[in-house]
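In terms of full-length UniProt numbering, the sequence shown opens at residue 1 and continues consecutively.
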Amino acid sequence: MHRYMKRKRFTIFGKLVLAFLVVMAPLLVLGVAISDRGAGIVEKEISGSLRQQVQFYLLSLETEIDRMTNLQREFMNDEDLDSLSLMVQRMSLYEQLSAAKRLQARLRMIKESSVYISSAKAYLPSIHRVVSSEGDIGDLNQTTLDEVKESSLRSAEPIIYEGERLYIREFYPSPYNLNVRNPSFILELEIAVPELYRFLEQLPGYSNGGAALVGDSAVIVSGRHADSFGKIRDKLNQTKSAWLEAGVEGTGASDDGAAQTAAVAYEDGNFLIAHQYSAALNLRLIVYVPENEVMGPLENYRTYLWVALAVAVMVLPLFAYWIYRIIHRPLRKLVGAFRKVEAGMMQVEIRHDSNDEFQYLYEKFNDMVAHLNKLIYEVYEQKIRLQQSELKQLQSQINPHFLYNSFYLIYRMTKAYDIDNATRFTRFLGDYYQYLTRNAKEEVLLADEIRHVQSYIEIQSIRFGDRIMVSLEELPEAMAGLHVPRLILQPIVENAYQHGFGGDTDNCLLRIGFRCERTQEGVAAAVIRIEDNGIGLPPEEMEQWRRTFARDYQDAETTGMLNVHRRLRLKFGDSAGIRLHSAGAGLSVEVVLPLPESDAEDARQTTNTGGN
């Protein structure tokens, strides 16, 4: 039982709860992993979709701007434009006006060819006129011409920025050195900025997203976060610089024309950004979407998953309590009943109200205990009778043999006229047989048992004289009142006289001492040590005796010591009995008797002060 208790058991209740956790934990971990994996895949797909969207819209814008530029270049070969710019001296005023009107009509056609053109103009320095698709033909002064030339010189981009307005200009001849003289003519297309805003507004696909066209000289931004785009752009530029310094390729910093994605953290929240650079336009198209709007549904799923986890955590105590009620509590009750039976409490009966398997187990347990009680009573009664018969048999064996030797010794002393020793001998012999014959009790005080041993020792001392010396300690007072079975010490002392010293009875010593100790089971016990300096026992025979005492073989030959051991076990339990030890050349026999806790401390103090 102690080994069972030391081996800290893992209860069935704990195993069931652990099994529940073992099943649930992988499912929850798998759910979180699937959610994270799904979030990663969806984010990757969304990033890819944004990149494709940026590529498509930037390509469409490039195509449209390229078409406008090609149309502008083709218009440079217009006959009326050449005439008004190069041969105006040969033309009459009427011809000039007619050519200008035709030129204006064709400029209107160019303007109407694309929604991204808000107006088309032709600057004619030779006649100091500006022909526009909008309104009448106007005058061109040198100041206006210089401003157009200067803004074109400042910008190396295909698209020229002047404040909030965007232009595409072609000079003739081209390439043309504007610093030398005035060009023959200038064709100008003004890009419709509102149409660019509408173009950008349809890009994100999310209500809180936005888009921007970013160049070196201008930024066009649409969306709810347009006011914050400057900081977003700075953050993107910082990221780009860091990427370039680290020499990392393919991270979204390159201007190789491929669409890239990046994640930017900003005080308004995290943004998912897709951007692509156009070398043809010298512009970068940027689409930015709040990450929470893109990943919001996935976050909801993750929230649901955590809710499920919380529900599982809340269900766990309910599950544990349910298991406790239907399994653990009835099982613990059954285990407790088994422990009571193990402790010797045989009057145990348990009941179970539910009509289930435990009711069957409880009924069978009660039947088993009742049957055990019956068997124990029968075996116990039989064992007592057997021990009594063995004791009587030993007494019948001892008495005649010892009596014959005693009569013979009295004969020798009377023949030698040794009256004093004969008197002492007959008194001790009378006390000895009085104890055997007149005491019908099965149990006596330990003090009476010691006096009986003293009578036996006195008889043997007269017989052997000084050849066998005996040392008998004083019996501690706390042990004197202990009730013990009769004849538990005299057979062991007799065994020492008969077998302990062999045939050599010179310089022999027999010691009898007392001490108090705690057994391996933690029981306080009185130990009576009977020790001789005789021939002892061979190791094989010593081990055989120890096995016999430990297992109490019922079929073993009954001897005095085995009879004493069995009767002590029957009286006091497994903590009592006989122990054998080698004592130098001799043998030490210890008789262990359990003590009440109230007497244990007194006995220990007495043995410590008295010594042995």
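Glycine included, each C-beta is placed from N, C-alpha and C at the ideal position.
Quick caveat: nothing in here was measured; it's all calculated off a predicted structure.
*Helix, strand or coil for Ser184, going by three-state DSSP, please let me know.*
Position 184 of the sequence shown holds residue 184. In this structure, DSSP gives Ser184 a state outside helix and strand, which the three-state scheme calls coil.
*Under three-state DSSP, which class holds Gly611?*
As a position in the sequence shown, residue 611 is number 611, starting the count at 1. Annotation note: pLDDT 48 at Gly611 (below 50); position unreliable, coordinate value reported separately. DSSP places Gly611 in coil when its eight states are reduced to three.
*Among Ile326, Pro204, Leu510, Leu436, which residue has its Cα nearest to the Cα of Leu587?*
Your numbering for residue 587 matches position 587 in the sequence shown. The option with the nearest alpha carbon to Leu587 is Leu510.
*Start and end of the beta strand (DSSP E) containing Ile168?*
Stepping through the sequence shown from its first residue, residue 168 is reached at position 168. 165-172 is the extent of the beta strand (DSSP E) around Ile168.
*asked:* Beta-carbon within less than 7 Å of Gln397's beta-carbon, same chain only, minus the 5 sequence neighbours each way: which residues are those?
replied: Here the question's residue 397 lines up with position 397 in the sequence shown. At Gln397 the pLDDT is 49, less than 50, meaning the model places this residue with poor confidence and gives no usable figure here.
_For Leu200 and Leu166, the rounded distance between their alpha carbons_ = Here residue 166 refers to the residue found at position 166 of the sequence shown. Here residue 200 refers to the residue found at position 200 of the sequence shown. Taken atom to atom, the span from the alpha-carbon of Leu166 to that of Leu200 is near 16 Å.
*Fully enclosed by the stretch 48-122, which beta strand (DSSP E) runs are 3 residues long or longer?*
Within the stretch 48-122, no complete beta strand (DSSP E) run reaches 3 residues.
*Could you name the residues of the same chain whose beta carbon sits closer than 8 Å to that of Ile159, not counting the 5 residues immediately before and after it, in chain order?*
Taking the first residue of the sequence shown as 1, we reach residue 159 at position 159. Hits under 8 Å: Ile65, Leu166, Tyr167, Ile168, Ile191, Gly215, Leu281, Asn282, Leu283.
*Between the Cα of Ile123 and the Cα atoms of Asn141, Glu112, Ala585, which residue gives the shortest distance?*
Counted from its first residue, the sequence shown places residue 123 at position 123. Per the sequence shown, residue 123 should be read as Tyr rather than Ile. With distances taken between Cα atoms, Tyr123 lies closest to Asn141.
*Endpoints, the beta strand (DSSP E) within which His483 is located*: Taking the sequence shown and counting its residues from 1, one reaches residue 483 at position 483. Segment 483-485, the beta strand (DSSP E) holding His483.
*asked:* Rounded to the nearest angstrom, what separates Ser152 and Glu170 at their Cα positions?
replied: For this step, residue 152 is matched to residue 152 along the sequence shown. For this step, residue 170 is matched to residue 170 along the sequence shown. Taken atom to atom, the span from the alpha-carbon of Ser152 to that of Glu170 is near 10 Å.
*By how many angstroms is the C-alpha of Val42 removed from the C-alpha of Val287?*
Within the sequence shown, numbered from 1, the residue matching residue 287 stands at position 287. Within the sequence shown, numbered from 1, the residue matching residue 42 stands at position 42. Distance between the alpha carbons of Val287 and Val42: 18 Å.
*Can you tell which of Arg566, Ala576, Leu580 has its C-alpha closest to the C-alpha of Glu543?*
Walking along the sequence shown from the start, residue 543 turns up at place 543. Comparing Cα-Cα distances from Glu543 to each of Arg566, Ala576, Leu580, the minimum goes to Leu580.
*Take the Cβ of His565 as the centre, count every other Cβ of all protein chains shown within 10 Å, and call the residue buried at 16 or more, exposed below.*
Taking the first residue of the sequence shown as position 1, residue 565 is located at position 565. Burial call: buried.
*Are Ile350 and Ala370 close, meaning C-beta to C-beta below 8 Å?*
Position 350 of the sequence shown holds residue 350. Position 370 of the sequence shown holds residue 370. Taking 8 Å as the Cβ cut-off, Ile350 and Ala370 do not qualify as a contacting pair.
*With 16 other Cβ atoms within 10 Å as the buried cut-off, status of Leu562*: Start at 1 with the first residue of the sequence shown, and residue 562 comes out as number 562. Under this definition Leu562 is a buried residue.
*Assign Arg351 to one of three DSSP states: helix, strand, or coil.*
Locating residue 351 in the sequence shown gives position 351, counting from the first residue. Three-state result, Arg351: coil.
*asked:* Between which two residues does the alpha helix (DSSP H) holding Glu541 run?
replied: For the purposes of this step, residue 541 is taken as residue 541 along the sequence shown, with counting starting at 1. Where Glu541 is concerned, the enclosing alpha helix (DSSP H) stretches over 539-551.
*Distance CB(Ser132)-CB(Ser118) smaller than 8 Å*: On the sequence shown, position 132 is the one that residue 132 refers to. On the sequence shown, position 118 is the one that residue 118 refers to. No, these two residues do not count as a Cβ contact at 8 Å.
*Distance, Cα to Cα, Leu375 vs Val341?*
Residue mapping note: residue 375 aligns to position 375 of the sequence shown, counting from 1. Residue mapping note: residue 341 aligns to position 341 of the sequence shown, counting from 1. So the two alpha carbons sit approximately 14 Å from each other.
*Chain-order list of residues whose beta-carbon lies under 6 Å from that of Val248 (same chain, five-residue window excluded)*: Indexing the sequence shown from 1 puts residue 248 at position 248. With a pLDDT of 36 at Val248, under the threshold of 50, the modelled position of that residue is not reliable, and no figure is offered here.
*How would you call Thr423, buried or exposed, if buried means at least 16 neighbouring beta carbons within 10 angstroms?*
Reading the sequence shown from its first residue, position 423 is the one you call residue 423. Within a 10 Å sphere around the beta-carbon of Thr423 sit fewer than 16 other beta-carbons, which makes this residue exposed.
*Beta carbon of Leu145, beta carbon of Pro173: below 8 Å?*
Walking along the sequence shown from the start, residue 145 turns up at place 145. Walking along the sequence shown from the start, residue 173 turns up at place 173. Not closer than 8 Å, so no.
*Relative to the C-alpha of Phe185, which residue among Glu164, Ala99, Gly502, Val130 is closest?*
Here residue 185 refers to the residue found at position 185 of the sequence shown. With distances taken between Cα atoms, Phe185 lies closest to Val130.
*If we call anything under 8 Å between Cβ atoms a contact, is Arg515 one with Ala524?*
Counted from its first residue, the sequence shown places residue 515 at position 515. Counted from its first residue, the sequence shown places residue 524 at position 524. In this structure, Ala524 does not lie closer than 8 Å to Arg515 by Cβ.
*asked:* Using 8 Å as the threshold, is the C-beta distance between Ile462 and Phe425 below it?
replied: For the purposes of this step, residue 462 is taken as the residue at position 462 of the sequence shown. For the purposes of this step, residue 425 is taken as the residue at position 425 of the sequence shown. Result yes, Cβ atoms of Ile462 and Phe425 sit closer than 8 Å.
*Rounded distance between the beta-carbons of Glu449 and Ile488, thought under 8 Å*: For the purposes of this step, residue 488 is taken as the residue at position 488 of the sequence shown. For the purposes of this step, residue 449 is taken as the residue at position 449 of the sequence shown. Going by Cβ atoms, the distance from Ile488 to Glu449 rounds to 7 Å, so yes, they are a contact pair.
*asked:* In the DSSP output, which residue or residues are listed as bridge partners for Arg284?
replied: Along the sequence shown, read from residue 1 onward, the residue named residue 284 stands at position 284. Note: Arg284 sits in a beta bridge opposite Val214, Tyr277.
*Distance, Cα to Cα, Arg51 vs Leu305?*
Numbered from its first residue, the sequence shown carries residue 51 at position 51. Numbered from its first residue, the sequence shown carries residue 305 at position 305. If I take the Cα positions, the gap works out to 30 Å.
*Three-way DSSP call (helix, strand, coil) for Leu16 in this model*: By 1-based counting over the sequence shown, the position of residue 16 is 16. It is helical.
_Coarse secondary structure for Arg7, derived from DSSP in three states_ = To locate residue 7, count along the sequence shown from 1; it is residue 7. With a pLDDT of 48 at Arg7, under the threshold of 50, the modelled position of this residue cannot be trusted; read the value that follows with caution. Looking at Arg7 - three-state DSSP - the assignment turns out to be coil, as it is neither helix nor strand.
*Can you give me the start and stop residues for the alpha helix (DSSP H) that Asp420 sits inside?*
Translated into positions along the sequence shown, residue 420 becomes position 420. 419-438 is the span of the alpha helix (DSSP H), which, as asked, contains Asp420.
_Considering only the alpha carbon of each residue, which of Asp506, Pro204, Ser455 lies closest to Gly430?_
Taking the sequence shown and counting its residues from 1, the one referred to as residue 430 is at position 430. Nearest of Asp506, Pro204, Ser455 to Gly430, Cα basis: Ser455.
*Decide if Leu103 is buried, meaning its Cβ has at least 16 other Cβ atoms within 10 Å, or exposed.*
Mapped onto the sequence shown, residue 103 falls at position 103. Per the 10 Å Cβ criterion, buried.
*asked:* Please return the same chain residues whose Cβ sits closer than 7 Å to the Cβ of Gln359, not counting the five positions on each side in sequence.
replied: As a working note, residue 359 is residue 359 in the sequence shown. Correct list, in chain order: His352.
*Just mark Val453 as buried or exposed, buried being the case when its beta carbon has 16 or more other beta carbons within 10 Å.*
Locating residue 453 in the sequence shown gives position 453, counting from the first residue. Buried, since its Cβ has 16 or more Cβ neighbours within 10 Å.
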